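Numbering (the working numbering), first residue to last: 2 to 961.
Yeah, the Cβ is synthetic: ideal placement off N, Cα and C, and Gly gets one too.
Bear in mind the structure is a predicted one, so any value in this text is a computation, not a measurement.
1) Measure the Cβ-Cβ separation of residue 720 and residue 669 and say whether it is below 8 Å.
2) Only counting the same chain, and skipping five residues up and downstream in sequence, which positions put a Cβ closer than 7 Å to that of residue 788?
3) Taking the alpha carbon of residue 245 as the point to measure from, which residue in 933, 265, 222, 415 has its own alpha carbon closest?
4) Can you tell me where the alpha helix (DSSP H) holding residue 894 begins and where it ends?
5) Which first and last residues belong to the alpha helix (DSSP H) in which residue 617 is found?
6) What are the residues that DSSP puts in a beta bridge with residue 717?
7) With residue 207 as the anchor, note down where its beta strand (DSSP E) starts and where it stops.
8) Taking the DSSP output, what are the residues bridged to residue 635?
9) Between which two residues does the beta strand (DSSP E) containing residue 725 stretch?
10) Less than 8 Å between the CB atoms is what I'm expecting for residue 912 and residue 840, so what's the real figure, rounded?
11) Would you decide whether residue 895 is buried or exposed? Buried here means 16 or more other CB atoms lie within 10 Å of its CB.
12) When you compare the segment 680 to 688 with the segment 710 to 726, are there three or more beta-carbon pairs, one atom per stretch, that lie closer than 8 Å?
13) Can you find at least 3 beta carbon pairs, one from the segment 734 to 747 and one from the segment 924 to 932, that sit closer than 8 Å?
14) Which ranges does the alpha helix (DSSP H) cover as unbroken runs of at least 4 residues, wholly within the segment 204 to 283, from first to last along the chain?
15) Taking 8 Å as the cut-off, decide whether the C-beta atoms of residue 151 and residue 123 are in contact.
16) How big is the Cα-Cα spacing for residue 167 and residue 195?
17) Just verifying my parser: in three-state terms, what is the DSSP assignment at residue 123?
18) To the nearest angstrom, how far is the alpha carbon of residue 799 from that of residue 922?
19) Looking at the unbroken beta strand (DSSP E) that takes in residue 582, where does it start and where does it end?
20) Given that a residue counts as buried once 16 or more other Cβ atoms are within 10 Å of its Cβ, and exposed if not, what is residue 320?
21) Could you tell me which residues DSSP pairs with residue 84 in its beta bridges?
22) Quick check: the segment 638 to 649 against the segment 606 to 624, are there 3 or more CB pairs under 8 Å?
23) Using only the alpha-carbon positions, how far apart do residue 97 and residue 382 sit?
24) Below 8 Å on the Cβ atoms is my guess for residue 672 versus residue 648; work out the distance and round it to an integer in Å.
25) With DSSP collapsed to three states, give me the class of residue 49.
26) For the alpha helix (DSSP H) holding residue 923, just list the boundary residues, first then last.
27) Does the Cβ-Cβ distance between residue 548 and residue 522 come in under 8 Å?
28) Any idea if residue 479 is buried or exposed, counting beta-carbon neighbours within 10 angstroms, 16 or more meaning buried?
29) At a cut of 8 Å, does the segment 805 to 824 reach the segment 377 to 393 through at least three beta carbon pairs?
30) Taking its Cβ as the centre, do 16 or more other Cβ atoms sit within 10 Å of residue 967, making it buried, or is it exposed?
31) For residue 139, count neighbouring C-beta atoms within 10 Å of its own C-beta (all shown protein chains included) and say buried if the count is 16 or more, exposed if not.
32) Under a Cβ-count criterion, where at least 16 other Cβ atoms within 10 Å of its own Cβ denotes burial, should residue 264 be classed as buried or exposed?
33) Cutting at 8 Å between CB atoms, please list the residues of its own chain near residue 436, excluding the five before and the five after it.
34) For residue 108, is the classification buried or exposed, using 16 other Cβ atoms within 10 angstroms of its Cβ as the cut-off for buried?
35) Under the DSSP definition of a beta bridge, which residues are partnered with residue 749?
36) Residues in the same chain with beta-carbon distance under 6 Å from residue 247, minus the five sequence neighbours each way, listed in chain order, please.
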């Protein structure tokens, strides 16, 4: 045995959704601190690619080396890409690289990049180094950011301190940085704004800016002034071509909700103050049309009082202000004015504090409490017709939401008053509102699923009784579009109780004559005249059991132009292959079809270049660029070259059936170096469906669930089965499908039947508990946040929303289709608690004491029942944690305890003292310090810092 220095990570790496590394052979490393300890090791450590025999196992401390790619984007001209690398407790690093040259820029501690639309500049935020920011927060200091601006051609950069936001004008002639508000107690919100002319290189400082926005077209900057004492408050317009500034309105009042019209030639704002002893600001609405003219037309809207809304209603800055498409109408928020509460007399008798839960309340008190802030500031929508001078109230207390057509002539309003329920589906009545007259007409009653307005403002789509329906807004006619369709658009795979939804809608056609729909596999054109639908993909999807879906490549497009080639995403239901096709004039051409997972490509706005990620179990989802065929692609990032140092594995797909012969699939991750005939310990992780994740990369990370890469590297199989659900038997369905999958893998010769562990959380945490009480197939079960007693859980709360569990259990994920009062036995039989006397499997249970989703008391019931019966359970109860584990130290703690638990029960490893003897409460702090891995230790040896190199290098080699 060789003795080497092994690094126990002191600070782990902050993980983002994606991560990319510079294109180099060396591993660029963000600032990471290590604590070195002497430890035995059986394999040498090397940064170079190695054979399997030279590689080492991936340990929990190693997870902190992994980087993620975030904030990726491609410039409009397709010449530049930008992304940031992130690492746990490390500093983000922004990379901007040219696609047609070796030009590249690396900005330390930077993220949040935005590329200018001419591809000449990149703007970003620069944060203090992570450890410095952490110390500032610990000391109660404010952590501020800089805004940065880099000219890509020259590398010249500029920074501004204390930045809160920035933005480019369309065309990229100008750029502004808004400073943060330094005095949070000040009544005014105005801060400094720096406007930089990117063509001429000069800057202008504008003080006390409340709101600022460039118009569409990039010709003007509009801003409001919100100054101390209201001196100089107003609405201002700056001409970017001449740098001339003019005041459109001035008053010693507050300005808010400034908004440009879609074409950038009309501007509106609210102006007002809060009267003494009132709760709401009383605003005037001021609009300007023809803003680019020397003398724009000003319109002062009298919306309250004689204007139509009444003296007790105000125009409110607490809701949106918006234009219609042609800037002839404004939609403004309204609110009831109210009196401030009188101060309660100080007579030494405090007010009582009681919440009164009444059985007839529309919403239970917990919901009301959670929604109190939103309800207190709730506003309603009024339509202001600038040409007619009319004001129409569109929404109110009973009719709270509205969809407005783009032309501003019609609205579809929703009233759910008659259907408010703790548990029933979200039905509502719908009304058509004529915005010219205010006239209302009933459209639908008790409708469940609506699908929205067409871009041309003529149609309203909804789903009813297994069909797509069109409500023709102008003439009020309903048309069953798919009555004669040669296909069923219902999603028959939907396995919850209640009405089955459709597979989906791709969008409306550019000619306004059709809507593009999905069935299970193919894409269809449904004419709006109700004639028969046409299969655009020629039945190729159904023939190959391949799901085809439209990809919108133009972010600004509102419709689908069937006269142009369309990019199609493809997924093989049973093969799990993915790829892209091109649909052109009825012909479906394969671009790439691979054993790989792709994300949705993002197209450069003005170039035929696409940025996307690709991944497999072995390959991190690095970024790639393609000119459009996708098989021929260039790799942009190399986020985690250190993976070559570690033993890894591969993942296979296998088939099995449940007791009824329903075909199911599962995935099995197999360690490197596996030899046929070996029987290995196996960890099973399940939820609902997981086989679609065959090619999902298992990023090493600290979570409240087992990390697959770590277990596979250490000689475990990791299996993820699909579960087939019936109505009313969720937990027994989990038992049936999971056991069938385990039997299949044992039959295939991979798994040791005496060394199988199970893991689940939340929904599958409950399933894991149920399996623990009904099966002896597993040697150990680790699960968390589990509903244990479905009878008591039915009446408990989702604390985050204040709702009870009634809807979840009947119509939602529970799938029970009834309640425990009508069918007590169903709920009791499906409850893990009903079988605790039969449990023999050792259990490790995780629950956050502040869980807002599954009450902590469910865990208490589980623990006490098993304890009473002398059953083997260890409960890891984390204070101040929710449904998962948020704090890094707790996530790392759980990873170590989970690994020790599984090592003992599946591999015969030693049981640590916390497993054999527990931890006395009075000894907790000392024992936690002893147990804590190096990631938590504050020690004089915690000094080594490895910094990321500043010179980027591009990876070479074949594209996978």
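Taking the geometry as given:
1) yes
2) Excluding sequence neighbours, residue 788 sits near 767, 794, 855, 859.
3) 222
4) 889 to 908
5) Counting along the chain, residue 617 falls outside any alpha helix (DSSP H), and DSSP gives it neither H nor E.
6) Partner(s): none; residue 717 has no beta bridge.
7) Per DSSP, the unbroken beta strand (DSSP E) holding residue 207 starts and ends at 204 to 215.
8) 626
9) According to the DSSP assignment, residue 725 belongs to no beta strand (DSSP E), since it is labelled neither H nor E.
10) The pair is not a contact, with the Cβ atoms about 19 Å apart (cut-off 8 Å).
11) buried
12) Taking 8 Å as the limit for Cβ pairs, the verdict is that the segment 710 to 726 does touch the segment 680 to 688.
13) no
14) none
15) yes
16) 9 Å
17) strand
18) 30 Å
19) 579 to 585
20) buried
21) 96
22) yes
23) 43 Å
24) 7 Å
25) For residue 49, the pLDDT reaches just 37, beneath the cut-off of 50, and the residue's location in the model is therefore unreliable, although a value from the coordinates is still provided. Three-state result, residue 49: coil.
26) Unbroken run through residue 923: none, as it is neither H nor E.
27) yes
28) exposed
29) no
30) Any property of residue 967 remains undetermined from this structure, which presents the chain solely from 2 to 961.
31) So residue 139 ends up on the exposed side.
32) Residue 264 is exposed by the Cβ-count criterion.
33) 330, 384, 386, 393, 395, 405, 409, 410, 411, 412
34) buried
35) Checking the DSSP bridge columns, you'll see residue 749 has no partner listed.
36) 238
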